[in-house]
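>
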Amino acid sequence: MTSHGDHSGLLDSLQLVVSAERDAIGSLTVLPPDLFSRAGVEIEALRKVFTACTDPLAEPFRTATERIDALQQHLDDLVRMRSQKILMLALLRAEGRSVDREHQRRMLPAEQALYDEVREAVDRYRHEMFGDTVRPTPEGGTPVPPACAAAAAEAAIEVNPTPHALTLARVVAPIEPFLGFDGRTYALEPEDVLTLPHENAAVLRERNIILSILPDK
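Position in the sequence shown (from 1) plus 175 gives the number in our numbering.
#1: Going straight from the alpha carbon of R237 to that of P231, what length do you get?
#2: Quick one: residues in its chain with C-beta nearer than 6 Å to the C-beta of I384, no 5 flanking neighbours on either side, listed in chain order?
#3: Of all the options V378, A269 and T370, which has the alpha carbon lying nearest to the alpha carbon of V297?
#4: Give the DSSP-derived three-state secondary structure of L186 in the structure shown.
#5: Which ranges would you report for the beta strand (DSSP E) in the segment 206-291 if only whole runs of at least 3 residues count?
#6: Nearest to L341 by CA position, among S273, E364 and R242, is which residue?
#7: Quickly, what does DSSP pair L379 with across the bridge? List them, please.
#8: On a Cα-Cα basis, can you pick out the residue from T370, E295, L253 and C228 that is closest to A199?
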């Protein structure tokens, strides 16, 4: 039987885990592998109170309800934060950008499956839309034949231009549309998650308009 101390102990531990995940802007945290299973057992044990005590005004009933709500809220917050990070990692990888393997080592099995499925789905989407004509550009550019380079120089076309450093960020405050350093126009709303040129991101971060999610690339 689960004791009162066990109930409060798991809830306190979960609060710390959620807080750490929220503070880990640049990466995923390492989760206890049994965290979700322990929380599931905890919730099932609390639900048994409803069978023994059917009066919703009774203290045991109310306490069990409050603890279940608190546990589920913390679990929802944790899944939301981690899934957002995992989705963006998968999208970045599908675009051909490098992703630190440490992120994957910190994923639970279900999270690794989500990462793989999203990355593969984006790859399929790109293939269906473009076939073999468009692929992610390898980092560092591709070799350019001398004749092509000469023609490009004559036409004042930059060969293998250096891409803008990007920052993955979440918008936390309203802002008017603006032109980015990459030539794109950005119309952002609070809670948008996207990559921005490093120069724009630095300014917006100083003005508390965005929060960086992953390190600059």
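We put the CB at the ideal spot given by N, CA and C, even for glycine. Because the structure is a prediction, the values reported are computed rather than measured.
To lay it out plainly:
#1: 6 Å
#2: A348 and I350
#3: A269
#4: It is helical.
#5: none
#6: For L341, the nearest C-alpha among the options comes from S273.
#7: For L379, DSSP records no beta bridge to any residue.
#8: Looking at T370, E295, L253 and C228, the one whose alpha-carbon comes closest to that of A199 is L253.
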